[in-house]
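Asks:
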Amino acid sequence: MGTAKARHILVSSQEECQKLKEQIEAGADFDEIAKEHSQCPSGQSGGGLGEFSPGQMVKEFDQVVFNDEVGKVHGPVKTDFGYHLIEITDRME
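Under our numbering, the first residue of the sequence shown is numbered 1448, with each subsequent residue one higher.
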């Protein structure tokens, strides 16, 4: 498995995560939603996490990033940190 690039939004509740996903699917800008709502420091840069390899993120995150469709917003994904919306922006073999 190669590397991937992704961005995410981290919130504390599944309900909030689902509402934000619906806003994005209705046309809201992922970057703006991340800046306004994400509890992760990456939110200030639109949720971007840069490039990473399997094993660098928590298991639940890796499962989505290295197996699900690129370019779609996935989630809510529950981890020990909270609930994530994850957009896989690129995956390299």
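Don't be surprised by glycine CBs; every beta carbon is placed ideally from N, CA and C. Nothing here was measured: the structure is a model prediction, and the numbers come from that model.
(1) Could you check whether the segment 1482-1490 touches the segment 1513-1525, counting it as contact only if at least three pairs of C-beta atoms, one from each stretch, sit closer than 8 Å?
(2) Assuming Ala1481 is part of the beta strand (DSSP E), what are its boundary residues?
(3) Buried or exposed: which applies to Gly1490, given that a residue is buried once 16 or more other Cβ atoms fall within 10 Å of its Cβ?
(4) Just grab the DSSP bridge partners of Thr1450 for me.
(5) Determine the closest residue to Gly1449 out of Leu1532, Phe1508 and Phe1499, with distance taken between C-alpha atoms.
(6) When burial is assigned at 16 or more other CB atoms within 10 Å of the CB, is Gly1529 buried or exposed?
(7) Could you tell me whether the Cβ atoms of Gly1494 and Arg1538 are closer together than 8 Å?
(8) Quick check on Gly1426: does DSSP put it in helix, strand or coil?
(9) Tell me the residue span of the alpha helix (DSSP H) that contains Glu1498.
Replies: The answer reads as follows:
(1) Below 8 Å, too few C-beta pairs join the segment 1482-1490 and the segment 1513-1525 to call them touching: fewer than three.
(2) What you label residue 1481 is simply residue 34 of the sequence shown in a count that begins at 1. Element bounds for Ala1481: not the beta strand (DSSP E) but the alpha helix (DSSP H), Phe1477 to His1484.
(3) Taking the first residue of the sequence shown as position 1, residue 1490 is located at position 43. Residue environment analysis places Gly1490 among the buried positions, since at least 16 neighbouring C-beta atoms fall within 10 angstroms of its C-beta.
(4) Against the sequence shown, residue 1450 aligns to sequence position 3. Residue pairing by DSSP places Thr1450 opposite Met1539 in a beta bridge.
(5) To locate residue 1449, count along the sequence shown from 1; it is residue 2. Per the Cα distances, Phe1499.
(6) Residue mapping note: residue 1529 aligns to position 82 of the sequence shown, counting from 1. By the neighbour-count rule (16 or more Cβ atoms within 10 Å), Gly1529 is buried.
(7) Counted from its first residue, the sequence shown places residue 1494 at position 47. Counted from its first residue, the sequence shown places residue 1538 at position 91. Going by C-beta atoms, Gly1494 is not nearer than 8 Å to Arg1538.
(8) In the structure displayed, the chain extends from 1448 to 1540; residue 1426 sits before or after that span and is not available.
(9) Residue numbering aside, residue 1498 sits at position 51 when the sequence shown is read from its first letter. Per DSSP, Glu1498 belongs to no alpha helix (DSSP H); it is in the beta strand (DSSP E), Gly1495 to Phe1499.
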